[in-house]
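Student: Sequence order for the protein chains is A and B. With the first sequence counted from 1, adding 223 to any position gets you the working numbering. With the second sequence counted from 1, adding 223 to any position gets you the working numbering. Here a beta-carbon is modelled for each residue, glycine too, at the ideal position from N, C-alpha and C.
Number of protein chains: 2
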Amino acid sequence: MVTIRDVASAAGVSPSTVSRCFTQPEIVEAATRERVLRMATHLDYRPNRAARGLITGRTGNIGLLLPDLANPFFPSIVKGIQHQAHLSEYQVFVVDTDEDPAVELGLVRSLAKQVDGMILCSPRMRPAELAEAATVSPTVLLHRRAGGLPSVGIGNADAMRQAIDHLAALGHDRVGFVSGPRRSWSGRQRVAGIRKAAAAHGITLEEIGHFAPTFEGGSAAAQGVLLSGVTAVVAYNDLIALGLLNALRDRGVDVPRDLSIIGVDDISVSAMVRPALTTLSVPKEESGREAVDLLLQVLAHPGARNPPAETLPCRLTVRQTTAPPNQRAATRTTA
Amino acid sequence: MVTIRDVASAAGVSPSTVSRCFTQPEIVEAATRERVLRMATHLDYRPNRAARGLITGRTGNIGLLLPDLANPFFPSIVKGIQHQAHLSEYQVFVVDTDEDPAVELGLVRSLAKQVDGMILCSPRMRPAELAEAATVSPTVLLHRRAGGLPSVGIGNADAMRQAIDHLAALGHDRVGFVSGPRRSWSGRQRVAGIRKAAAAHGITLEEIGHFAPTFEGGSAAAQGVLLSGVTAVVAYNDLIALGLLNALRDRGVDVPRDLSIIGVDDISVSAMVRPALTTLSVPKEESGREAVDLLLQVLAHPGARNPPAETLPCRLTVRQTTAPPNQRAATRTTA
DNA sequence: CTGGGCTCTGCAAACGGTTTCATACTCCTC
DNA sequence: GAGGAGTATGAAACCGTTTGCAGAGCCCAG
Chain A
224 MVTIRDVASA AGVSPSTVSR CFTQPEIVEA ATRERVLRMA THLDYRPNRA ARGLITGRTG
284 NIGLLLPDLA NPFFPSIVKG IQHQAHLSEY QVFVVDTDED PAVELGLVRS LAKQVDGMIL
344 CSPRMRPAEL AEAATVSPTV LLHRRAGGLP SVGIGNADAM RQAIDHLAAL GHDRVGFVSG
404 PRRSWSGRQR VAGIRKAAAA HGITLEEIGH FAPTFEGGSA AAQGVLLSGV TAVVAYNDLI
464 ALGLLNALRD RGVDVPRDLS IIGVDDISVS AMVRPALTTL SVPKEESGRE AVDLLLQVLA
524 HPGARNPPAE TLPCRLTVRQ TTAPPNQRAA TRTTA
Chain B
224 MVTIRDVASA AGVSPSTVSR CFTQPEIVEA ATRERVLRMA THLDYRPNRA ARGLITGRTG
284 NIGLLLPDLA NPFFPSIVKG IQHQAHLSEY QVFVVDTDED PAVELGLVRS LAKQVDGMIL
344 CSPRMRPAEL AEAATVSPTV LLHRRAGGLP SVGIGNADAM RQAIDHLAAL GHDRVGFVSG
404 PRRSWSGRQR VAGIRKAAAA HGITLEEIGH FAPTFEGGSA AAQGVLLSGV TAVVAYNDLI
464 ALGLLNALRD RGVDVPRDLS IIGVDDISVS AMVRPALTTL SVPKEESGRE AVDLLLQVLA
524 HPGARNPPAE TLPCRLTVRQ TTAPPNQRAA TRTTA
């Protein structure tokens, strides 16, 4: 392994000078600098980041905590985060919590020493734990907002408004919301948003259960949806919507004729199924990139007073799972 | 930040003793050890891994290179790898190459210093580059085999045999194979395997193009498949199969009546679409776990002469996209 | 010619651990 | 009671880098 000393002796200077050539090139004489850099590339020298980190206190790594890589929503975010992080020479530690809130804080702690900061994506932990996590390591929240921590979120309430506007325009007046995990902050935002939007349109809202944010969770929701007598549902996320869509079809329910379905996230699968899912498109990669930018900004100005809380807009993508209500089916199910 | 010296003075011993309590507990006297460990937990001391790595040469990290996180095949592997790595207190650096072979080697080099070893998942680079990567850092190949490097793979040829057996049993005698990336080693294995299996059954094999291993790639393959006059196709992977399935439906082709489709991977989406995709189930998480085990084994015995090359079996999962050939449709398309 | 200020470079001390080597102590045997 | 083996601990060197401080050399003004 080639060290800074090898480069130094090869270039006939001291290690300090070599170091300066990399960290503050302008203060070393041009001729010297050029000679050093030439030897460095010639020897294929790369600074040992662990050694550098030991003294600077910076690791060049950022940590990313997320609930479940198996949900295609998150890999998109990872891609955005990685791309942006690599632009600034940062590496990313990815940690999957398997939707278990109990392990989140522990993972943050165990990762803290090895990263300069963390991005907590859709964390399920409680606000107090979140505050504690933030003391352990500089933290940016992604798809969550809490206690004045810097965060990147999406316009959940506005998204729900768009969904309800769309359903109202189609003529629905009895709509369901299929909830995801009880601990999901986004979920609570969405419920609040859809309540308000439904009220504004005079639409009756049925809130249906809490389900795992997975395809299976959506299947499990089918019975409750059918019993509720609604003509349209908005689901917590696309996976639930897809599971629901499938379970309904297996029971002979025609989507969108008998029931309209709207998801949230716009994961790639949603465009692959038939009928293709109408959904609220969330800017996934972009939100990941923004989170990195925000974190780097926080790292650069540790004492900033007002940590920014960004909100990115969602956009309704109308595909094939929404249509005007089927009067006959509606009256049948409500009967 | 609490250091080893803090623990040492709190416990009334030297830093050396504290260090030994963690690295080789058996050589320090029981009473002393207990006192030290009690102080350590009390102060919430955690060894600085960068500092430790500086002297031991071990980082406690492993690197994972993969082509595209957006393909649901890979997140499953990541989960398996992470889970197994965390059991041995290793962290995982994940790097996505966006299917670009040109950047792979560079990423390996830039990551090398920060990891103890790397898992290269479905790398697209050439054997010579692979050999070079292996000199840079201890390497395990996942879903690829090359030049005696330790590897974990799947039984591609056997998988193709199962697919052809299934299609032959249904009565197909003219089958297509839709190829993925030209640089994919698995792809070449599968072509070779399916050629042999088809020959054994007296089945005519049509090899159709090279396509991106994505949903869009599958859509693009539709025309070629229709022109080929086959009654069944096996696709390089599930995403291509799904794209194909969709594009065919949009052209009015009924799957499986007019055409049978078999994918490879068994990604979660394949069970979510209708008709659900018949596919070769690859043990994704398991292969990830095996790769970690293998890498740790390599790290523990650096001089081992015969690096193991494991092969995990695939299993055909029959769903709804395979059926006996439709005689009329077949003659129509071959006309 | 002297002295003050600049610019560039080297020395040496960190950073937080691990590990080699030496030392002090205990215990046992002859 | 002396000597040797064995055990538990501490002192110090080291890993590869950054950085505060000092010093060398130079230029220019007085």
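(1) Please decide whether Gln543 of chain A counts as near chain B, where near means a Cβ-Cβ distance under 8 Å.
(2) In chain A, what lies closer than 7 Å to Leu266 of chain B by C-beta?
(3) Which residues in the same chain as Asp488 of chain A place their Cβ atom closer than 6 Å to its Cβ, once the five residues preceding and following it in sequence are excluded?
(4) Is there contact here, the stretch 462-475 of chain B with the stretch 267-284 of chain B, by at least three beta-carbon pairs under 8 Å?
(5) Given a cut-off of 8 Å, decide if Met262 of chain A and Ala234 of chain A are closer than it, judged by their beta-carbon atoms.
(6) Mind the definition here: the stretch 353-362 of chain B touches the stretch 412-421 of chain B only if three or more C-beta pairs lie below 8 Å; say whether that holds.
(7) Do we get a CB-CB distance below 8 Å when we pair Val225 of chain B with the residues of chain A?
(8) Please classify Gly466 of chain A: does DSSP put it in a helix, a strand, or coil?
(9) If I measure Cβ to Cβ from Thr557 of chain A and keep anything under 6 Å in the same chain, skipping five residues before and after, which residues do I get?
(10) Mind checking whether Cys537 of chain B and Leu503 of chain B have CB atoms under 8 Å apart?
(11) Under 8 Å, do Val414 of chain A and Glu429 of chain A count as touching if we go by C-beta distance?
(12) Of all Cβ atoms in chain A, is any one closer than 8 Å to the Cβ of Ala273 of chain B?
(13) Exposed or buried, what is Gln247 of chain B when buried is set at 16 or more other beta-carbons lying within 10 Å of its beta-carbon?
(14) Determine the direct distance from the alpha carbon of Tyr268 of chain B to that of Arg228 of chain B, and round the result to whole angstroms.
(15) Which residues in chain B have a C-beta closer than 7 Å to the C-beta of Asn298 of chain A? List them in chain order.
(16) Looking at C-alpha atoms only, which residue of B:Glu509, B:Ser510, B:Ala464, B:His524 is the closest neighbour of Val496 of chain B?
(17) Quick check on Asn379 of chain A: does DSSP put it in helix, strand or coil?
(18) Alpha carbons only, please: which of B:Glu508, B:Arg256, B:Thr545 is nearest the one belonging to Lys302 of chain B?
(19) Which ranges would you report for the alpha helix (DSSP H) in the stretch 226-277 of chain B if only whole runs of at least 4 residues count?
(20) Please report the straight-line C-alpha distance between Gln385 of chain A and Gly329 of chain B, rounded to a whole angstrom.
(21) Could you give the first and the last residue of the continuous beta strand (DSSP E) run that contains Met341 of chain B?
(22) Asn469 of chain A touches chain B at which residues, Cβ-Cβ below 8 Å?
(23) Determine contact between the stretch 524-541 of chain A and the stretch 512-532 of chain B, defined as no fewer than three beta-carbon pairs at a distance below 8 Å.
(24) Taking 7 Å as the limit between beta carbons, can you name the residues of its chain near Phe245 of chain A, skipping five residues before and five after?
(25) Closer than 7 Å by beta-carbon distance: list the chain A residues that pair up with Asp209 of chain B, in chain order.
(26) Within 8 Å of any Cβ in chain B, is that where the Cβ of Gln337 of chain A sits?
(27) Within a Cβ cutoff of 6 Å, which residues of the same chain sit near Gln543 of chain B, ignoring the five residues on either side of it in sequence?
(28) Determine which residues share a DSSP beta bridge with Ser311 of chain B and list them.
(29) Helix, strand or coil: which one does DSSP assign to Arg405 of chain A?
(30) Relative to chain A, which residues along the stretch 445-471 of chain B have a C-beta separation below 8 Å, given in chain order?
(31) Per DSSP, which one or two residues make a beta bridge with Leu287 of chain B?
(32) Between B:Arg368, B:Ala382, B:Arg512, which has its C-alpha nearest Gly376 of chain B's C-alpha?
(33) Helix, strand or coil for Arg555 of chain B? Go by DSSP, reduced to three states.
(34) Cβ atoms of Leu467 of chain A and Ala455 of chain A: under 8 Å apart, would you say?
(35) Find out if the Cβ-Cβ distance for the pair Val541 of chain A, His389 of chain A is shorter than 8 Å.
Tutor: The answer reads as follows:
(1) Counting from 1 along the first sequence, the entry for residue 543 of chain A is found at position 320. For Gln543 of chain A, the answer is no, since every Cβ of chain B falls outside 8 Å of its Cβ.
(2) Translated into positions along the second sequence, residue 266 of chain B becomes position 43. Going along chain A, no residue has its Cβ under 7 Å from Leu266 of chain B, so there is no contact; the nearest lies around 14 Å.
(3) Taking the first residue of the first sequence as 1, we reach residue 488 of chain A at position 265. So the qualifying residues of the chain are Phe296, Asn460, Asp461, Val505.
(4) no
(5) Here residue 234 of chain A corresponds to residue number 11 of the first sequence, with the count starting at 1. Here residue 262 of chain A corresponds to residue number 39 of the first sequence, with the count starting at 1. Yes.
(6) Too few Cβ pairs lie closer than 8 Å, so no.
(7) Numbered from its first residue, the second sequence carries residue 225 of chain B at position 2. With 8 Å as the cut-off, Val225 of chain B does not count as an interface residue toward chain A.
(8) For this step, residue 466 of chain A is matched to residue 243 along the first sequence. If DSSP states are grouped into helix, strand and coil, Gly466 of chain A belongs with the helices.
(9) Looking up residue 557 of chain A in the first sequence gives position 334. With a pLDDT of 41 at Thr557 of chain A, under the threshold of 50, the predicted position of this residue should be treated as unreliable, though the coordinate-derived value follows. These residues qualify, in order along the chain: Gly452.
(10) Taking the second sequence and counting its residues from 1, one reaches residue 537 of chain B at position 314. Taking the second sequence and counting its residues from 1, one reaches residue 503 of chain B at position 280. Yes, they are a contact pair.
(11) Taking the first residue of the first sequence as 1, we reach residue 414 of chain A at position 191. Taking the first residue of the first sequence as 1, we reach residue 429 of chain A at position 206. For Val414 of chain A and Glu429 of chain A, no; Cβs fall outside 8 Å.
(12) Counting from one through the second sequence, the residue named residue 273 of chain B turns up at place 50. With 8 Å as the cut-off, Ala273 of chain B counts as an interface residue toward chain A.
(13) As a first step, residue 247 of chain B is located in the second sequence; it is residue number 24 there, counting from the start. Exposed, by the Cβ-count rule.
(14) Position 5 of the second sequence, counted from the start, is the residue given in the question as residue 228 of chain B. Position 45 of the second sequence, counted from the start, is the residue given in the question as residue 268 of chain B. One C-alpha to the other measures close to 10 Å.
(15) Reading the first sequence from its first residue, position 75 is the one you call residue 298 of chain A. With the sequence shown as reference, residue 298 of chain A is identified as Pro, and Asn is not the correct amino acid for it. Leu292, Ala293, Pro298, listed in chain order.
(16) In the second sequence, counting from the first residue as 1, residue 496 of chain B sits at position 273. Ranking B:Glu509, B:Ser510, B:Ala464, B:His524 by Cα distance to Val496 of chain B puts B:Ala464 first.
(17) Counting from one through the first sequence, the residue named residue 379 of chain A turns up at place 156. If DSSP states are grouped into helix, strand and coil, Asn379 of chain A belongs with the helices.
(18) Counting from one through the second sequence, the residue named residue 302 of chain B turns up at place 79. When each option's Cα is compared against that of Lys302 of chain B, the closest is B:Glu508.
(19) 227-234, 238-246, 253-266
(20) Position 162 of the first sequence, counted from the start, is the residue given in the question as residue 385 of chain A. Position 106 of the second sequence, counted from the start, is the residue given in the question as residue 329 of chain B. Whole-angstrom Cα-Cα distance: 45 Å.
(21) Sequence index remark: in the second sequence, residue 341 of chain B carries index 118 (1-based). For Met341 of chain B, the enclosing beta strand (DSSP E) has its first and last residue at 340-344.
(22) For this step, residue 469 of chain A is matched to residue 246 along the first sequence. Within 8 Å Cβ-Cβ: Met495, Arg497.
(23) no
(24) Within the first sequence, the letter at position 22 stands for residue 245 of chain A. Only Pro270 meet the Cβ criterion.
(25) Lying outside 224 to 558, the shown extent of chain B, residue 209 of chain B is not represented and no answer is given.
(26) For the purposes of this step, residue 337 of chain A is taken as the residue at position 114 of the first sequence. Contacts with chain B at 8 Å (Cβ-Cβ) include Gln337 of chain A.
(27) Here residue 543 of chain B refers to the residue found at position 320 of the second sequence. Only Pro498, Ala499 meet the Cβ criterion.
(28) Here residue 311 of chain B is taken as the residue at index 88 of the second sequence, counted from 1. Looking at the DSSP assignment, Ser311 of chain B forms no beta bridge with any residue, so it has no partner.
(29) Here residue 405 of chain A refers to the residue found at position 182 when the first sequence is read from its first residue. Reduced to three states, the DSSP call for Arg405 of chain A is coil.
(30) Along the stretch 445-471 of chain B, the positions whose C-beta sits under 8 Å from a C-beta of chain A are Leu465, Gly466, Asn469, read in chain order.
(31) By one-based count along the second sequence, residue 287 of chain B stands at place 64. The partner list for Leu287 of chain B (beta bridge, DSSP) reads B:Val317, B:Ile342.
(32) Here residue 376 of chain B refers to the residue found at position 153 when the second sequence is read from its first residue. Comparing Cα positions, the closest option is B:Arg368.
(33) Residue numbering aside, residue 555 of chain B sits at position 332 when the second sequence is read from its first letter. Note that Arg555 of chain B scores a pLDDT of 45, beneath 50, so its modelled location is shaky and nothing firm can be said.
(34) If you number the first sequence from 1, residue 455 of chain A lands on position 232. If you number the first sequence from 1, residue 467 of chain A lands on position 244. No; because the gap between Cβ atoms is not below 8 Å, this pair is not in contact.
(35) The count along the first sequence starts at 1 and reaches residue 541 of chain A at position 318. The count along the first sequence starts at 1 and reaches residue 389 of chain A at position 166. Yes, the pair counts as a contact, with Cβ atoms nearer than the cut-off.
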